[in-house]
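These notes concern the structure reproduced below.
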Amino acid sequence: MEDYEGYETVRQKLIISGISEIENHGIADFSLRRVASNCNVSCAAPYKHFKGKEDFIREIVAYIHSRWMLLQNQIEEFFKDDLKKQLTEVCASYVKFWIANPNFRSVLTLKTKEFEIESEFSKITDTICTLVKKCCTEFGVSESETEHKCYVICSLVYGAVLMIDNGDMDGEKTIMMLKKSILKEF
Numbered sequence: 780m781e782d783y784e785g786y787e788t789v790r791q792k793l794i795i796s797g798i799s800e801i802e803n804h805g806i807a808d809f810s811l812r813r814v815a816s817n818c819n820v821s822c823a824a825p826y827k828h829f830k831g832k833e834d835f836i837r838e839i840v841a842y843i844h845s846r847w848m849l850l851q852n853q854i855e856e857f858f859k860d861d862l863k864k865q866l867t868e869v870c871a872s873y874v875k876f877w878i879a880n881p882n883f884r885s886v887l888t889l890k891t892k893e894f895e896i897e898s899e900f901s902k903i904t905d906t907i908c909t910l911v912k913k914c915c916t917e918f919g920v921s922e923s924e925t926e927h928k929c930y931v932i933c934s935l936v937y938g939a940v941l942m943i944d945n946g947d948m949d950g951e952k953t954i955m956m957l958k959k960s961i962l963k964e965f
């Protein structure tokens, strides 16, 4: 059983426990009772905070997304005057976020029609492509070349995540190569 003492509210404890539940049992075998038990609260507690299983899972996805968005927004604000730096830092930080939060992985890759949940991967792809398009506009890059750059940079990010996650490459070295490769695109 995990320790949920560091979290302020029962709701937060339930969400963190829910992340572990998805990681360990998947969506098909997701159990609100097990989540409640892991938090040492009554089996009715999840229903006090969430409408049901679907709502709870959506809130887990929203929780993780909010953690990422907080970081992304800080990066975008800090590098607001340098689009290339903004793009490279958002991409590198996403890889670091993925690696630093292994318990989020099962949710980050979650895609299910049952709960109408969009994969966090597709959201980050949209973010990366938006930043690439801004850079391409700034540098006068054609539309077809912009599309190619979106593909290349998203592939670099996902490849870096997989290579670090699988232990094929060192994290910091891979992050540096990722940044260098992104900058070569411009």
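Under the working numbering, the final residue of the sequence shown carries the number 965; numbering is consecutive throughout. The beta-carbon is built from N, C-alpha and C at its ideal position, and this holds for glycine as well.
Measuring alpha carbon to alpha carbon, tell me which of Trp877, Leu957, Lys913, Glu964 ends up nearest Asp860.
-> Reading the sequence shown from its first residue, position 81 is the one you call residue 860. Check the Cα spacing between Asp860 and each of Trp877, Leu957, Lys913, Glu964: the tightest is with Lys913.
Have a look at Gly950, Met955, Ser960, Gly946 and flag the residue whose alpha-carbon is nearest the alpha-carbon of Lys928.
-> For the purposes of this step, residue 928 is taken as residue 149 along the sequence shown, with counting starting at 1. Relative to the Cα of Lys928, the nearest Cα in the group Gly950, Met955, Ser960, Gly946 belongs to Ser960.
Going along the chain, which residues of its own chain have a beta-carbon closer than 7 Å to the beta-carbon of Tyr873, five neighbours each way excluded?
-> Indexing the sequence shown from 1 puts residue 873 at position 94. Scanning its chain for C-beta atoms nearer than 7 Å, with the 5 sequence neighbours on each side dropped, one finds around Tyr873 the residues Ile903, Val936, in chain order.
Compare the C-alpha of Glu868 against each of Ile854, Trp877, Glu924 and name the closest.
-> Numbered from its first residue, the sequence shown carries residue 868 at position 89. Residue Ile854 is the option with its Cα nearest to Glu868.
So what's Met780 in DSSP terms, helix, strand or just coil?
-> Sequence index remark: in the sequence shown, residue 780 carries index 1 (1-based). Any reading at Met780 must be qualified, since the residue scores a pLDDT of 47, below 50, and its modelled position is unreliable; no value is offered.
Residue nearest to Leu850 in terms of C-alpha spacing, selected from Gly831, Glu833, Ala879 = The residue given as residue 850 occupies position 71 in the sequence shown. Of the candidates Gly831, Glu833, Ala879, the one whose C-alpha sits nearest the C-alpha of Leu850 is Ala879.
Enumerated in chain order, which unbroken segments of the alpha helix (DSSP H) with a length of 4 residues or greater are wholly contained in the stretch 810–854?
-> Entirely contained in the stretch 810–854, the alpha helix (DSSP H) runs reaching 4 residues are, in chain order, 811–817, 824–828.
Under 8 Å, do Glu838 and Ile795 count as touching if we go by C-beta distance?
-> For the purposes of this step, residue 838 is taken as residue 59 along the sequence shown, with counting starting at 1. For the purposes of this step, residue 795 is taken as residue 16 along the sequence shown, with counting starting at 1. Contact flag unset, no.
Ignore the nearest five residues each way along the sequence and tell me which others in Val931's own chain have a CB closer than 7 Å to its CB.
-> The residue you call residue 931 lines up with position 152 of the sequence shown. Shown here for Val931: same chain residues with a beta carbon closer than 7 Å to its own, the five before and five after excluded, namely Glu964 in chain order.
Could you have a look at Gly797 and say whether DSSP puts it in helix, strand or coil?
-> By 1-based counting over the sequence shown, the position of residue 797 is 18. Residue state, collapsed to three classes: helix.
Roughly how many angstroms separate the alpha carbons of Cys822 and His844, rounded to a whole number?
-> One-based indexing of the sequence shown puts residue 822 at position 43. One-based indexing of the sequence shown puts residue 844 at position 65. C-alpha separation (whole angstroms): 26 Å.
Pull up the distance between the alpha-carbon of Gln791 and that of Glu917, whole angstroms please.
-> Here residue 791 refers to the residue found at position 12 of the sequence shown. Here residue 917 refers to the residue found at position 138 of the sequence shown. Here the alpha carbon of Gln791 sits roughly 42 Å from the alpha carbon of Glu917.
Can you tell me which of Gly946, Thr906, Phe857, Cys870 puts its alpha carbon nearest to the alpha carbon of Leu962?
-> Taking the first residue of the sequence shown as 1, we reach residue 962 at position 183. In this structure, Cys870 is the residue among Gly946, Thr906, Phe857, Cys870 with its C-alpha nearest to the C-alpha of Leu962.
Sub-8 Å separation of Val911 and Leu866 beta-carbons = Position 132 of the sequence shown holds residue 911. Position 87 of the sequence shown holds residue 866. Result yes, Cβ atoms of Val911 and Leu866 sit closer than 8 Å.
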